[in-house]
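Asks:
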Amino acid sequence: MPTTLTEGKHRGEHLVSEASGHRSRALITIANGEDLKAGHVIGRTVDGASITTQADAGNTGDGAITMEATAVGAGVVSGDYVASCIEPATDGGIFAVQGPDGINVGTAVVGSTFDGPVRFTINDGATDFAAGDRFTITVPDGDWAEYDPTNTDGSDTPRGILYDNVDATGGAEEAVAHVRDAEVNKAELAWFDGATDDQKSTALKELAKLGIIGR
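With my numbering applied, the sequence shown covers 6 to 220.
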């Protein structure tokens with residue numbers, strides 16, 4: 006009876022072209038537990054346990070911000086989120102929340118949990134908040150992992166393509182990825198189990214924003 010052999014993915018097999026001087030590449034760390042193939046579409050997690058918050062020194066209100074036990078949600082990215090008071094109220098108020106790119110990601114009501122890419126509660130103090138009072142929530146980067154749009158740890162956004170096979174099931178591993186300015190063969194990319202054509206198309210559009218173009 007004949008034996009069927011399946012050839013695995015090879016290093017850089019997905020690559021059509023890249024920028025000179027290895028400018029397209031970055032040295033990254035693959036998260037513990039991941040087992041990924043060359044050409045795998047990957048995202049970068051955030052370090053939710055190390056989030057810090059800071060009240061603006063010029064705030065009128067003396068209320069405080071508290072992160073939830075599950076501090077991040079879908080769509081989170083690393084960087085500074087800013088909550089700014091736009092509607093002061095007695096013993097309350099409403100804050101507009103902007104992501105690191107400056108785009109509004111929702112509004113937070115004092116005393117209620119804000120359930121967005123970051124999750125927190127702003128509590129009233131003895132002195133009410135005034136318009137322009139601000140809090141900054143800093144979300145640090147984590148390790149890299151398989152891109153999956155159902156994740157809520159940052160890896161739900163595609164950020165790069167793995168250059169070679171990496172087995173990190175025994176602990177985090179250093180690796181190389183294409184993270185900018187490269188052309189790749191769409192047929193040679195590796196995806197999370199069950200990835201649909203629509204999900205792949207959406208991810209490729211996100212990668213194109215980084216200069217990673219599928220051919």
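Each residue gets a CB set at the ideal place from its N, CA and C atoms; glycine is no exception.
Need the endpoints of the alpha helix (DSSP H) that residue 206 sits in, please.
Replies: Segment 202 to 213, the alpha helix (DSSP H) holding residue 206.
Asks: Can you find the residues in the same chain that come closer than 8 Å, C-beta to C-beta, to residue 122, ignoring five residues on each side of it along the sequence?
Replies: Correct list, in chain order: 77, 78, 79, 80, 81, 82, 86, 104 and 110.
Asks: Figure out for me which residue from 70, 43, 183 and 132 has the closest Cα to the Cα of residue 5.
Replies: Examination of residue 5 is not possible in this model, given that the chain is present from 6 through 220 alone.
Asks: Whose C-alpha, out of 145, 54 and 161, is nearest the C-alpha of residue 151?
Replies: Comparing Cα positions, the closest option is 161.
Asks: For residue 72, which residues in the same chain have their Cβ closer than 8 Å to its Cβ, ignoring the five residues on either side in sequence?
Replies: Excluding residues within five positions, the ones whose Cβ falls inside 8 Å are 56, 58, 123, 124, 125 and 142.
Asks: Kindly indicate which residue of 210, 183 and 115 has the alpha-carbon position closest to the one of residue 17.
Replies: Considering only alpha carbons, the answer is 183.
Asks: If contact is defined by three or more beta carbon pairs under 8 Å, each pair taking one atom from either stretch, is the stretch 167 to 177 in contact with the stretch 87 to 107?
Replies: No, the stretch 87 to 107 does not touch the stretch 167 to 177.
Asks: Take residue 51 and list the residues in its own chain whose beta-carbon comes closer than 8 Å to its own, dropping the five residues that flank it on each side.
Replies: Excluding residues within five positions, the ones whose Cβ falls inside 8 Å are 77, 81, 82, 83, 144, 145, 146, 147, 158 and 159.
Asks: From which residue to which residue does the beta strand (DSSP E) around residue 89 run?
Replies: Note, residue 89: beta strand (DSSP E), 84 to 94.
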